[in-house]
Each structure stands twice: as C-alpha cells, then as structure tokens.
Ligand code: AMP
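Residue numbers (our numbering): 248 to 682.
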C-alpha cells in the first residue's frame, strides 16, 4: 500500500516549531489588546460569491487559486451551493460586520483574527497552499472616524510595534496611495494608453493583465519588464485633492510618531477592494522573492461591494509562516526545556513521582505551575539521566529514602551540581535554577 502524506503545499507543524508559533501569536494578541482590538473568528469556508464580489473576479486569487466545490443539498429544504475555502479573511470579517449589524453600534469596530487561509499557489519556500495569517481590521461608519487618516497611521504604528516586539529587526514599510474609487478609472485609462505600444514586448502575464486588470502590471517581477514598468505613469499624479490630502496626513502622522517608511509608487496590491492607502512590510532574511511579511490597505468601498452599508475600513494580513521563517533565520530559536525531570527510582516510586509532578505542575500560592517531564521507574538511573539531560534543566531523584525523608536529590545540569532540597522548597529551587 502506498504511504499517505500531507497534501502538496500543506505541512505538519511539530512541537519543535509550534513553540515559536505560539510565542508569535501570544505577542500579537498582547499587542492587539493594548490597542484595544477584540478577536473575531469567522468560518474557514464561505459562499464563493463573497470572494468573487469582494476580492474581485479578475484577481489571481479568485481566478486561479481558490479551493471551490459544489456543496450538494442534503435535504429538500437546502440548496446546492458553491463554497470556497477562504483565501483571505478580510471579506469574511466585513461579511460578519454586515451580518451582525455591527455598524449600528455607531462605533468603530477593531477586530483581529489568527487562522488558516487557502490558496492553490505553486508551493515554494514561504509559499504554501494552507498558510496562516494574523490580521486586523478597523471598520465602521464614517461618523465614528473610520475614514480618517489617523486610523491608517495608528494601524501602521501598531504594526511597527508588533514587529519590534516580535524581534524582527530591519523591516521596511512601503507605502502608497491608490486613490479613491473615482480616481482609479482615470489612472487605469492612462495606464492602458501607456501600455498599448509596449505591452507586446512584455511577459504573457502582463499582456493578459493589460486587458483584464492593468493595475496588476505594476506587480510584475519579471526583470526584462522592469524598464517598461518604471516608465509608466505614476498613480500619485492621478489622485484627486481629497486622496492627496488623506495620504499626506497619513505620512505626516507617521513622521511625528517616528515610524519610518518609504514611498513605493508601484505598490497597488493584488486585490480589487483597496482604496487610498496601501502598504507592505518586507524583510529580506531568508525569504528570497517571498519577502512580504504582511500587506494591507484601506478598503472604503468593500462593504457596499458585498451588499452592506457604507463602512470605510483599513486592515492588514501578516503571513505567520513567513514570520516564523524570518525569526528562524535571524536568531537561534531554542527549544523550551522543562524545569525538571522527575526520575522515580524503581517502579514502586512511580505513583509518588506522579504525585510530586502534579504538585509542581499546579500553580500554588502565587507561584506559576512548572513545566515538568515525568520519567519512569523501570528506567535504570543512567537512562533517566540521559533522558532528562535532553528535555529538562534539572533532574529530581525520587527513591525510597527521598520519599521517607522528604529531602529530594536534585541535579541542575548547567551548574553540574547535585543538591539535597527539602520538598517544601523544591518549586522555588527549580524556578531559581531556571532563571
Ligand atoms: P495577501 O493577502 O496576498 O496580501 O497576503 C498577506 C500576507 O500573507 C503576505 O504578505 C504573506 O506574508 C502571506 N501569504 C500570502 N500568500 C501566502 C502563501 N501562499 N503562503 C504563505 N504566506 C502567504
């Protein structure tokens, strides 16, 4: 029988990696809470129409990359439906905002999510078919300030703080404005005119995009196409007065707050729903071409696009897989060691060892519970020492003598010293040894 494997583009995360994933998620949650965001969890599949309308039929995501299937009716009362594994989470969050009438609260909704997304892309380092994003959205009625450039600046400042707290040094914030829905048609028309005489000499993707979605030509990475793209009109020259002022205010707030950025005229992002501010944070450690850690922007018309009220918003999605790769490249991720390994000396001590482990693992009198690995009384002493040395900072020996006297034998590996410790002092002793 052939062996079954994880599907191409998906992978298992083993405990040697999930420690870092959990640390990233804990840091993200802590930062979001300080900025007063609340968590939202939306389903991982949605009606296909949500993405077709929200993300845009002509985007690569919708036209090529979605996992879509026909979900057959199981009862007469049900309809057959086209469903899709979510390729991104913003459309789902905005659908939930509309469905739960969150706009009627009159307040700004500040929502974050952490979870898997699915795209049928060609797998490579940093690009998977199931990947995880950490993202956030600020959305609400105009009267709540949702359109204000301060929202953009605050989200960007929060991201700079998050990357700093995650220990990512050397990130670069690239910033642009793609204008309002009314600026865009004029720019696209200019772009089409400028592309006409040259597009025949560009890559096949650009030839297709020039017809279906000319903005995406600006995303092209093919080296031979770059001189043509550099010569195309800049969107900055097509912004109306209001969009220009909005962008200037975002930049001014970042300057005052001390968040560095560079202006990137070509940053239009792949999805149709973006208006005004678009941004990306990139980092070069080990990611090659997949160096975008996160991307986002403002989407003032998205709610209306999927049938909701006017609800301007701004958000981002950060690729967790790429963050992990970046952190692994830039620092030694050490496996977490248990504070102690408890070695019962003989099988008669197994139950007493479990009792001791229980005592140490549970928090008590303000002391947090310790991370404890429990050995086995059938192991010889040498084997216990070898096992303990791999997973813990210290070994605690529990034989008949220790059990009757209440004085345990503890060896702290880093110090190489063996000590006798009264049971009542053991937790404090192990905690001190771990710091
Ligand atoms: P996007 O939704 O395309 O703007 O992507 C936002 C972020 O998600 C990117 O900057 C990446 O870090 C991450 N990302 C997007 N697609 C993938 C993928 N196929 N595999 C891993 N990470 C991805």
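For glycine and all other residues, C-beta sits at the position ideal for the given N, C-alpha and C.
As the structure is a computational prediction, the values presented were derived from the model and not from experiment.
At least one heavy atom of the ligand AMP sits closer than 7 Å to the Cβ of residue 380.
Here DSSP, grouped into helix, strand and coil, assigns residue 430 to helix. Counting the other Cβ atoms within 10 Å of the Cβ of residue 357 gives 16 or more, which makes it buried.
The closest heavy atom of the ligand AMP lies 7 Å or more from the beta carbon of residue 403. The beta carbon of residue 352 is closer than 6 Å to none in its chain, skipping five residues each way along the sequence.
The C-alpha of residue 619 lies about 36 Å from the C-alpha of residue 405. Inclusion of residue 477 and residue 515 in the CB contact set at 8 Å is not warranted, their separation being larger than that value. With respect to the 8 Å criterion, residue 398 and residue 287 are not classified as neighbours on the basis of their beta carbons. Scanning 290, 590, 315 and 253 for the CA closest to the CA of residue 625 turns up 590. Beta bridge pairing from DSSP links residue 363 with 379. A direct Cα-to-Cα measurement between residue 639 and residue 266 gives close to 16 Å. Along the length of the segment 501 to 563, whole beta strand (DSSP E) runs at least 3 residues long occupy 522 to 529 and 539 to 545, reported in chain order. By the neighbour-count criterion, in which a residue is buried when 16 or more other Cβ atoms sit within 10 angstroms of its Cβ, residue 682 is exposed. Here residue 380 is buried, its C-beta having at least 16 other C-beta atoms within 10 Å. Beta-bridge annotation (DSSP): residue 315 is paired with 331. By the C-beta density criterion, residue 611 is exposed, having fewer than 16 other C-beta atoms within 10 angstroms. By the neighbour-count definition (other C-beta atoms within 10 Å, threshold 16), residue 566 is a buried residue.
For the pair residue 523 and residue 425, the CB atoms are nearer than the 8 Å cut-off. Relative to the ligand AMP, the beta carbon of residue 539 is positioned inside 7 Å of a heavy atom.
In the structure shown, residue 348 adopts coil according to DSSP, grouped into three states.
Taking residue 434 as the centre and dropping the five residues before and after it, the same chain places the C-beta of 482 and 485 closer than 6 Å to its C-beta, in chain order. Linking residue 293 to residue 663 through their CA atoms gives a straight-line distance of about 57 Å. By the neighbour-count criterion, in which 16 or more other beta carbons inside 10 Å mark a residue as buried, residue 456 falls on the buried side. Apart from the 5 residues on each side of it in sequence, residue 270 has no Cβ closer than 7 Å to any other Cβ in its chain.
For residue 592, the closest alpha carbon among the candidates 584, 601 and 461 is that of 601. Cβ neighbours of residue 257 within its own chain (closer than 8 Å, five residues either side excluded): 375, 376 and 377. Counting C-beta pairs closer than 8 Å gives fewer than three between the segment 314 to 332 and the segment 268 to 283, which falls short of the contact rule.
When distances are taken from the beta-carbon of residue 293 to the heavy atoms of the ligand AMP, even the shortest one reaches 7 Å or more. When the beta-carbon positions are compared, residue 510 and residue 422 come within less than 8 Å of each other. Inclusion of residue 558 and residue 417 in the CB contact set at 8 Å is not warranted, their separation being larger than that value.
Sixteen is the threshold: since fewer than 16 other Cβ atoms of the shown chains lie within 10 Å of the Cβ of residue 311, the residue is exposed.
In chain order, 591 and 624 place their CB closer than 6 Å to the CB of residue 597, counting only its own chain and leaving out the 5 sequence neighbours on each side. The DSSP-derived three-state label of residue 460 is coil.
With a cutoff of 7 Å, residue 565 counts as near the ligand AMP, since its C-beta is closer than that to a heavy atom of the ligand. Apart from the 5 residues on each side of it in sequence, residue 394 sits with its Cβ closer than 6 Å to the Cβ of 559 in its chain, given in chain order. Contact check for residue 420 and residue 508: beta-carbon distance about 4 Å, within the 8 Å limit, so the pair qualifies.
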